[in-house]
Structure formats: C-alpha cells, structure tokens
Amino acid sequence: MMANYKPNEMMTVAAARALRNEDVCFVGIGQPSAAANLARLSHAPNVTLIYESGTLGTKPTVLPLSIGDGELCETALTTVSVPEMFRYWLQGGRISVGFLGGAQIDKYANLNTTVVGDYNKPKVRLPGGGGAPEIATSCGEIFIIMAQGKRSFVEKIDFFTSIGHGSGGDSRQKLGIKTKGPTRLITDLAIYQPDPETKEMIVTSIHPGVTREQIQENTGWTVRYAAQVAETPVPTAQELDILRELQARTARAHAAA
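Take any residue in the sequence shown, note its place counting from 1, add 59, and you have its number in our numbering.
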C-alpha cells in the first residue's frame, strides 16, 4: 500500500535525499531547514549542518524559527562569530552544499529575495539577501527548494539577489566564480538540473501523478526536459514518519513559546 503524502512533503523528501552523509551544508531557514534536518534524521546522520548565525554541527530537535533561534546554539558542536563563519568557513571553501529558497527564480536559477516589483516602489519588500549571495558563490554547489508557481518561477526576476547560472553558458565562470552553482532545483512538482551546455534548469525527474502540462502551467518560461526523464520515487513510510514527527514537535514547541 502506498503512503498518502502531500506535494509539499514530496518536495521536502526529494530535497532531503539530495544530501549525503559526508556533506557540510549551509542551511537556509524554512524549507531548506526542514529538508536538511530530515536528511540528518534519516539517511545522512553524519551530515554537518551550519546556519548563518555561526552554529556548526547543529542538531536541532525542532525546526528553528530564525537563524537566531536558541535551539541552534544549544544543539551545536560549537558557535563561532558571524565574520568567522563567512570568512573562514564559507569563503574558505569548507562548505560543500548551500541549501537555499527564494521568492522568485528564473530558468538559470538566479534568485530574488529582495523585492517584488520596482526596487524604489516595490509591491512587496522581501526579507532581503542575508548571507544568500555569498552562499550562492562560495559553497561547492547549491540546492534550491521552492514550491512551483507562475508568480515565483518567472521569465525575469525583479531583483538579482543571488546568482545562479547568470545568463547561462559560462557566464558564471566569466565573473570569476569557481564553484558549481545550482546543481539541483527541487519543487513540489519536479526536480530540475542544469543543462551541461546552456546551464538552463531542465526537468530530470517528475513527481508521481504530476503531468508536463501542470509543470508548464506553473512556470513563467517554456520548460525543457532531459532526454531521459525519471519518475521521483514516492516518499517511504519512514521518511514521512520522521518528517511529520519533526513538524509536530516544532508546532508544539512554538505553540508553547
């Protein structure tokens, strides 16, 4: 019997599977945090999770509300200053994966977390870049997790907060950036990876029950597909149990706060 799951759970599980036991991962708050901690509590118990506030090797029992959440510091191996975190750990090339989300993304996986609309008169002012622009250039590779929709998957982002593959091809390298950039984009509909030549994010795996029509309906550019497109394996009962228990613990902890 197949376990029942929500599209959001499929997205989190698929993102968690991308992390390896040996990874050192710089984790964003929200969806990236849920995926990274699911990986740590399941197939990658030795993954090293690092948050922007300077917490190294943190093992939160509940998902943090922000990078300043005490849970991160209390469960970390150690906590270093933010300048040390960025200068020594991140810019020193010691972090293998950055896990990011965003408000808008384009087909080259450039991210906007700054404003929607005109910068001087925005429709919405977003939380801003934080450490994401540096994470995007200094981590060995980047995983992005975002729910898919035409408002967020756009032809042209309103503000260029964090670089993905720039304008495609070798434009990232031409800027002097030596890291790989986004190697995986995980949504509630599919998994995308960069085309080896153009660097456009193309669909390599479609989640069960999702159609190509649905994917296109929720994307602001013409979606391209790999020659061989896989079907994403469904979440296992164990993956769902761990994720749901983590989210239930989090809800209880934050309700009591």
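From the three backbone atoms N, C-alpha and C, an ideal C-beta is built for every residue, glycine too.
Closest by C-alpha distance to residue i, when choosing among the options
| i | options | result |
| --- | --- | --- |
| Asn-63 | Pro-267, Ala-310 and Ser-112 | Pro-267 |
| Lys-239 | Thr-246, Ala-249, Val-282 and Lys-258 | Lys-258 |
| Ala-289 | Ala-249, Ala-310 and Thr-117 | Ala-249 |
| Gln-306 | Leu-100, Leu-122, Thr-172 and Glu-81 | Leu-122 |
| Gln-273 | Phe-145, Leu-136, Lys-209 and Arg-243 | Lys-209 |
| Leu-78 | Val-293, Phe-145 and Gly-199 | Gly-199 |
| Pro-253 | Pro-241, Ile-245, Thr-246 and Ser-264 | Pro-241 |
| Pro-292 | Glu-256, Ser-264, Asn-105 and Phe-145 | Ser-264 |
| Val-86 | Ser-155, Asn-67 and Pro-104 | Ser-155 |
| Pro-142 | Leu-131, Gly-127, Arg-153 and Glu-111 | Glu-111 |
Same chain, Cβ closer than 7 Å to residue i, five either side skipped, listed in chain order
| i | result |
| --- | --- |
| Ala-94 | Thr-71, Ala-74, Ala-75, Phe-158 and Ile-204 |
| Val-213 | Gln-163, Asp-165 and Gly-279 |
| Val-139 | Gly-113 and Leu-115 |
| Asn-277 | Gln-207, Gly-208, Lys-209, Phe-212 and Leu-248 |
| Thr-220 | Leu-170, Asn-171, Thr-172, Thr-173, Gly-188, Ala-191 and Pro-192 |
| Thr-246 | Met-70, Met-205, Ala-206 and Gln-207 |
Buried or exposed by the 16-neighbour rule on C-beta atoms within 10 Å, applied to residue i
| i | result |
| --- | --- |
| Gln-90 | buried |
| Asn-96 | buried |
| Glu-298 | buried |
| Ser-82 | Per the sequence shown, the amino acid found at residue 82 is Asp instead of Ser. Buried: at least 16 other Cβ atoms inside 10 Å. |
| Gln-207 | buried |
| Ser-125 | exposed |
| Met-60 | Confidence is the limiting factor: at Met-60 the pLDDT is only 41, short of 50, which leaves the residue's position unreliable, though a coordinate-based value still follows. Answer is exposed; the Cβ neighbour count stays below 16. |
| Gly-129 | exposed |
| Gly-161 | buried |
| Ser-226 | exposed |
| Glu-256 | exposed |
| Leu-302 | buried |
Assumed close pair residue i, residue j - CB separation to whole angstroms, cut-off 8 Å
| i | j | result |
| --- | --- | --- |
| Phe-224 | Tyr-167 | Reading the sequence as shown, one finds His at residue 224 and not Phe. With a Cβ gap of about 4 Å, His-224 and Tyr-167 count as contacting. |
| Thr-269 | Val-282 | The displayed chain sequence assigns Val, not Thr, to residue 269. Not really, about 12 Å apart at Cβ, beyond 8 Å. |
| Phe-202 | Arg-243 | 5 Å |
| Thr-120 | Leu-108 | Wrong, their Cβ atoms sit about 13 Å apart, outside the cutoff. |
Cβ neighbours of residue i in the same chain (closer than 8 Å, five flanking residues each side left out)
| i | result |
| --- | --- |
| Glu-133 | none |
Any chain B beta carbon closer than 9 Å to residue i
| i | result |
| --- | --- |
| Ala-98 | Included in the structure is just one protein chain, with no chain B present. |
The segment 142-149 in contact with the segment 180-197 per 3-pair CB rule at 8 Å: Output reads yes: the segment 180-197 touches the segment 142-149.
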